[in-house]
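Residue numbers (my numbering), protein chains in the order written: chain C, 6 to 74; chain F, 5 to 182. A short worksheet on the structure shown next.
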Amino acid sequence: MSLDDDIAAWAATVRLTDADADAIFQRIVATPVRSATATPSLAPSWWRSFNAGFAARMVASTSPARRAA
Amino acid sequence: MDRQAEFRRLYEAHRRAVHAYFTGRTGDPDLSADLMQDVFLRVWQHLDKVTDMPDDGQRAWIFTVARNLSIDTGRHQRTQAGTEQALARERAGTAASSAPASVAVIDAERVAIVSDAISRLPEEQRVALTMAAAGSMTSVEIGAAVGVPAGTVRYRLSLARRTLAEALDRYDGHAEES
């Protein structure tokens, strides 16, 4: 055998068989495709409402301490 | 063309090359089949994007995914075990094959020598040789896939072939002595 024959014979031992390749194909196509769902955007007024709520809570939570002082 | 048919076309066009690439990297055809499945699962998930690309772009995208796929520790350990098992299977196959005894045994022994020598090659040579032999790829195609010039691939192939030839020469020398 020539070197090329030896390498070809080795390659045949590591190559994926068509049956195995087809089994992999079937497993993949049975996998549901993740739908590219768009992330819902925030309402334009969200940040203003958040800030207002946050400020109100800060004031409410610190006012007892201010009164105590 | 429907989605599955389009995926089939891509899969058949590139699966041998991807499997050969991983076999070159890991030395384990079974592990390589798992990794190949991971790559094509990503192709399946991003099929619309991939099909919009030209052929060269598709191959580049697929091999970028393949190169970036992490081969974790567990898989690496399986690789080592797989390589041993693959060699053992080859030797068992040698012993089991009856028939024109001596010729078949010598041929199988030569394949085992080649297999052993390939497993000891530096990874870059092993990948190039495996992609050429098992993936039936040209130097240009291998270079595009692994991101090196075709001339570099040819040089790696030449070094790998020289190593294999030396290993077989040693085997032939021993065979003649005995």
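For every residue, glycine included, the Cβ atom is placed at its ideal position computed from N, Cα and C.
Backbone CA spacing between residue i and residue j [nearest angstrom]
i	j	result
F/Leu73	F/Val43	8 angstroms
F/Val109	F/Arg124	23 angstroms
F/Leu91	C/Asp11	Caution is warranted here: a pLDDT of 48 is assigned to F/Leu91, below 50, making its placement in the model unreliable, and the coordinate value is therefore given only provisionally. Going by the C-alpha atoms only, they are around 15 angstroms apart.
F/Ala70	F/Phe26	8 angstroms
F/Arg12	C/Pro49	45 angstroms
F/Glu10	F/Gly28	28 angstroms
F/Glu113	C/Trp15	11 angstroms
F/Leu51	C/Ala26	19 angstroms
F/Asp38	C/Thr67	59 angstroms
F/Ala17	F/Asp120	29 angstroms
F/Asp56	F/Val22	20 angstroms
F/Val115	F/Asp6	43 angstroms
F/Asp111	C/Thr22	21 angstroms
F/Glu235	C/Ala13	Absent from the structure is residue 235 of chain F, since the part of chain F shown begins at 5 and ends at 182.
C/Ala28	C/Leu47	44 angstroms
F/Leu168	F/Pro33	20 angstroms
C-beta contact flag for residue i and residue j at 9 angstroms
i	j	result
C/Thr18	F/Leu45	no
C/Phe30	F/Tyr15	yes
F/Ala137	F/Phe67	no
F/Val118	F/Ala171	yes
F/Gln49	C/Val34	no
C/Arg32	F/Gln41	yes
F/Arg20	C/Arg53	no
F/Ser130	F/Gly31	Note on identity: in this sequence residue 130 of chain F is Arg, with Ser being the wrong assignment. Yes. Within cutoff.
Rounded distance between the beta-carbons of residue j and residue i, thought under 8 angstroms
i	j	result
F/Met135	F/Ala64	Actually they are not in contact, since the Cβ atoms of F/Met135 and F/Ala64 sit about 15 angstroms apart, beyond 8 angstroms.
F/Ser140	F/Val157	In fact, because the Cβ distance is near 14 angstroms, the residues do not count as touching under 8 angstroms.
F/Ala132	F/Ile146	6 angstroms
Host alpha helix (DSSP H) of residue i (start-end)
i	result
C/Leu47	Note, C/Leu47: premise wrong, no alpha helix (DSSP H); not H, not E.
F/Gly28	Arg7 to Thr30
F/Met135	Glu127 to Ala137
C/Thr18	Leu8 to Val19
C/Thr22	That residue, C/Thr22, is in no alpha helix (DSSP H); it is neither H nor E in DSSP.
F/Thr55	Leu51 to Thr55
F/Gly151	That residue, F/Gly151, is in no alpha helix (DSSP H); it is neither H nor E in DSSP.
F/Val69	Asp59 to Asn72
Interface partners of residue i on chain A, CB under 9 angstroms
i	result
C/Val38	This model lacks chain A altogether; the protein chains it does include are C and F.
- Would you call the segment 7-23 of chain C and the segment 50-67 of chain C in contact, with 3 or more CB pairs under 8 angstroms? The segment 7-23 of chain C makes no contact with the segment 50-67 of chain C, as fewer than three CB pairs between them are under 8 angstroms.
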